[in-house]
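In my numbering, the protein residues as written are -2 to 526.
Here it is in structure tokens:
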């Protein structure tokens, strides 16, 4: 999708800067031609008192730039153009949603808040100014910044006769530019290990170095810059068959040599390593903890200490990402061939050792998190030594050669006593751990026995309850039978009683009849007989 641009030129600032720095008459055509490379220009406005700059009107007209008239009324009109330009820019940002990129042509630091506000509104900002007159604040605020000086030099097509940079503003050296390239590639590959597209790399470079320009280094395009980096051994350019473009990869990346074993590329060892220590170094390197030789490691730790102190003094952010880059620059002279992965390995060790702390005292676990460093380089080395020896011990490495271990980790065999004490402490700690594990196993066994006895008791109680319930049921049944028998006996007795009463009643009635008959006949009754 094509980028839609709005160009706003602080003409008084840029024209005065070119004349002051000896760059000749301001070249409107060259500027607008360069901006057109960035996208489609929809709006172009230039702010000035055109009575003073009437000689530029024709060039502006030919380049389709609208001239915003700001007639001067005295000596206090310096900021009138700035205010008008800010108001118009914000109006465009709020009313023209289709404009996604603003080009601010000025070197005045007063425009820094405007640039920050545009970025807050999700607008991309490209800046342009002269090298000597442009504020560093404005450069850092922009997403991208290019210098008018470089533009004019390219336009002249006479690179051999270019003007030297003005004092105080240095052009990036090629080696430094290649280092910036490597940093951008590695930063992108932290998120995605695949080689990034060249355009993505360029964008990453500009995010960190808005004033980066391959033209300052003598290259006609970014592709030529990448070719030079490849020839110098800093990067590898790969043709992307799918997109038709190019991808850029670090020379040290395993992506550049897929047929080789990954471990082989990580087995860099400097010539300061003591002979016989390779087995320990390789074991640590496989875990991403390449310890380096003691002297190299101490140089690196000293650079870390100095870089952190410098950032603290300047009140700049202190995180592994930033300090790591500072350390690489500091080591460039004394260890020019030290691979970046080995620097990262030391920082990984410091993180695992828990010596890089948050302000609350907890160890950091992210390279982007700010940290506090309270130890010296020597104290950091001792922390790493403890970490390395613990790791080797956990991996069943032989730690009896304490003199060689001392030479590897401390660099001074006279300090062998320190290594012996660390190894002894680690061994004792392992014994304690083993004893704790055995005790835990025994406790677990006891718990199992206790659990089994409880289960048995519970089972016995359940069985007892079942038996008791059966007995109770039988007793209830017997009681019911007994009650039934009693009821039957009672009924029989009642029947007998009823029968006896009836019999007696019958006898009495018979006797009464006999007595009556005897009275009538004068004979004694039969029952009397």
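For every residue, glycine included, the Cβ atom is placed at its ideal position computed from N, Cα and C.
- Query: Does DSSP put residue 329 in a helix, a strand or coil?
  - Reply: The count along the chain shown starts at 1 and reaches residue 329 at position 332. Secondary structure of residue 329 (DSSP, three-state): coil.
- Message: If I follow the unbroken beta strand (DSSP E) through residue 609, where does it start and stop?
- Response: This structure cannot speak to residue 609, because the chain is shown only from -2 to 526.
- Item | DSSP three-state assignment for residue 99, whether helix, strand or coil | As a first step, residue 99 is located in the chain shown; it is residue number 102 there, counting from the start. Looking at residue 99 - three-state DSSP - the assignment turns out to be strand.
- Query: Per the contact definition of three or more C-beta pairs closer than 8 Å, is the segment 356 to 370 in contact with the segment 391 to 403?
  - Reply: Segments in contact, no.
- Task: Measure the alpha-carbon distance for residue 280 versus residue 384 and round it to whole angstroms.
- Result: The sequence position of residue 280 within the chain shown is 283, counting from 1. The sequence position of residue 384 within the chain shown is 387, counting from 1. Looking at the two C-alpha atoms, the distance is approximately 13 Å.
- Cutoff 8 Å; reference residue 374; Cβ partners in own chain excluding five residues on either side: Counted from its first residue, the chain shown places residue 374 at position 377. Answer for residue 374: 295, 298, 299, 301 and 302, listed in chain order.
- Item | Cross-strand partners of residue 358 (DSSP beta bridge) | Numbered from its first residue, the chain shown carries residue 358 at position 361. Under DSSP, no beta-bridge partner is assigned to residue 358.
- Check whether residue 247 and residue 179 have beta carbons under 8 Å apart: Locating residue 247 in the chain shown gives position 250, where the first residue counts as 1. Locating residue 179 in the chain shown gives position 182, where the first residue counts as 1. In this structure, residue 247 lies near residue 179, with their beta-carbon atoms less than 8 Å apart.
- Query: Alpha carbon to alpha carbon, how far is residue 96 from residue 0?
  - Reply: The residue you call residue 96 lines up with position 99 of the chain shown. The residue you call residue 0 lines up with position 3 of the chain shown. Cα to Cα, the separation comes out at about 8 Å.
- Beta-bridge partners of residue 244, as assigned by DSSP: Here residue 244 corresponds to residue number 247 of the chain shown, with the count starting at 1. In the DSSP assignment, residue 244 forms a beta bridge with 194 and 235.
- Query: How about residue 67 and residue 81: do their beta carbons lie closer than 8 Å?
  - Reply: Reading the chain shown from its first residue, position 70 is the one you call residue 67. Reading the chain shown from its first residue, position 84 is the one you call residue 81. A Cβ-Cβ contact shorter than 8 Å links residue 67 with residue 81.
- Pick from 329, 6 and 352 that is closest to residue 125, judged by C-alpha positions: In the chain shown, residue 125 corresponds to position 128, counting from 1. Out of 329, 6 and 352, 6 has the C-alpha closest to the C-alpha of residue 125.
- Taking only the alpha-carbon atoms, compute the straight-line gap between residue 166 and residue 363 and give it to the nearest angstrom. On the chain shown, residue 166 is found 169 positions in, with the first residue counted as 1. On the chain shown, residue 363 is found 366 positions in, with the first residue counted as 1. Low per-residue confidence applies at residue 166: pLDDT is 46, beneath 50, and the placement is therefore not dependable, though the value from the model is reported in the following sentence. Approximately 35 Å between the Cα atoms of the pair.
- Query: Among the residues of its own chain, which have a CB less than 7 Å from the CB of residue 158, if the five just before and after it don't count?
  - Reply: For this step, residue 158 is matched to residue 161 along the chain shown. Residue placement at residue 158 is poorly supported in this model, since its pLDDT is 39, which falls under 50; the coordinates still yield a value, given next. The same chain holds no residue with a CB closer than 7 Å to that of residue 158 once the five nearest residues on each side in sequence are set aside.
- Message: If we require 4 or more residues per run, which alpha helix (DSSP H) segments fall completely within the segment 334 to 381?
- Response: The qualifying runs are 337 to 350.
- Rounded straight-line distance, which links the Cα of residue 134 to that of residue 290: The residue given as residue 290 occupies position 293 in the chain shown. The residue given as residue 134 occupies position 137 in the chain shown. Cα to Cα, residue 290 sits roughly 42 Å from residue 134.
- How do the segment 270 to 277 and the segment 315 to 325 stand: do at least 3 beta-carbon pairs fall below 8 Å, yes or no? No contact exists between the segment 270 to 277 and the segment 315 to 325.
- Task: Tell me, to the nearest whole angstrom, how far the beta carbon of residue 127 is from that of residue 111; I am working on the premise that it is less than 8 Å.
- Result: Position 130 of the chain shown, counting from 1, holds the residue named residue 127. Position 114 of the chain shown, counting from 1, holds the residue named residue 111. With a contact defined as Cβ atoms closer than 8 Å, residue 127 and residue 111 miss out at about 19 Å.
- Query: For residue 386 versus residue 420, is the C-beta distance shorter than 8 Å?
  - Reply: For the purposes of this step, residue 386 is taken as the residue at position 389 of the chain shown. For the purposes of this step, residue 420 is taken as the residue at position 423 of the chain shown. Taking 8 Å as the cut-off, the beta carbon of residue 386 is found closer than this to the beta carbon of residue 420.
- By Cβ distance, which residues of its chain are closer than 7 Å to residue 413, with the 5 residues on each side in sequence left out? Position 416 of the chain shown, counting from 1, holds the residue named residue 413. Here the set comprises 399, 400 and 403.
- Task: Note down the Cα distance separating residue 115 from residue 142, rounded to an integer number of angstroms.
- Result: What you label residue 115 is simply residue 118 of the chain shown in a count that begins at 1. What you label residue 142 is simply residue 145 of the chain shown in a count that begins at 1. Approximately 15 Å, taken between the alpha carbons.
- Task: Output the boundary residues of the beta strand (DSSP E) element that contains residue 216.
- Result: Taking the first residue of the chain shown as 1, we reach residue 216 at position 219. No beta strand (DSSP E) holds residue 216; DSSP gives it neither H nor E.
- For residue 424, does the three-state DSSP call read helix, strand or coil? Residue 424 sits at position 427 when you count from the first residue of the chain shown. Helix, per DSSP.
- Reduced DSSP secondary structure (H/G/I, E/B, other) of residue 87: Locating residue 87 in the chain shown gives position 90, where the first residue counts as 1. Residue 87: helix per DSSP, three-state reduction.
- Expected contact under 8 Å - CB spacing of residue 98 and residue 2 to nearest Å: Reading the chain shown from its first residue, position 101 is the one you call residue 98. Reading the chain shown from its first residue, position 5 is the one you call residue 2. With a contact defined as Cβ atoms closer than 8 Å, residue 98 and residue 2 qualify at about 5 Å.
- Considering only C-alpha positions, which residue in the set 77, 204 and 342 is nearest to residue 282? Counting from one through the chain shown, the residue named residue 282 turns up at place 285. Comparing C-alpha distances from residue 282 to each of 77, 204 and 342 shows the shortest one belongs to 342.
- Item | Start and end residues, alpha helix (DSSP H) containing residue 305 | Taking the chain shown and counting its residues from 1, the one referred to as residue 305 is at position 308. In the DSSP assignment, residue 305 falls within the unbroken alpha helix (DSSP H) covering 291 to 310.
- Enumerate in chain order the residues of its own chain whose CB-to-CB distance from residue 79 is below 6 Å, with the five nearest sequence positions on each side excluded. Sequence index remark: in the chain shown, residue 79 carries index 82 (1-based). The beta carbon of residue 79 is closer than 6 Å to those of 107 in its chain, skipping five residues each way along the sequence.
- Message: Within 10 Å of its beta-carbon, does residue 15 have 16 or more other beta-carbons around it, so buried, or fewer, so exposed?
- Response: Locating residue 15 in the chain shown gives position 18, counting from the first residue. It is buried - the Cβ of residue 15 has at least 16 other Cβ atoms within 10 Å.
- Item | As assigned by DSSP and simplified to three states, the class of residue 0 | Taking the first residue of the chain shown as 1, we reach residue 0 at position 3. Residue state, collapsed to three classes: coil.
- Shortest alpha-carbon distance to residue 12 belongs to which of 145, 171 and 422? Here the question's residue 12 lines up with position 15 in the chain shown. If we check each option's Cα against that of residue 12, 145 comes out closest.
- Query: When you compare only the Cα positions, how much space is there between residue 219 and residue 100?
  - Reply: Here residue 219 refers to the residue found at position 222 of the chain shown. Here residue 100 refers to the residue found at position 103 of the chain shown. Going by the C-alpha atoms only, they are around 21 Å apart.
- Task: Note the first and the last residue of the continuous beta strand (DSSP E) segment covering residue 39.
- Result: On the chain shown, position 42 is the one that residue 39 refers to. According to the DSSP assignment, residue 39 belongs to the beta strand (DSSP E) that extends over 37 to 45.
- Task: Could you spell out where the beta strand (DSSP E) holding residue 141 opens and where it closes?
- Result: Taking the first residue of the chain shown as position 1, residue 141 is located at position 144. Taken as a continuous stretch (DSSP letters only), the beta strand (DSSP E) holding residue 141 covers 141 to 144.
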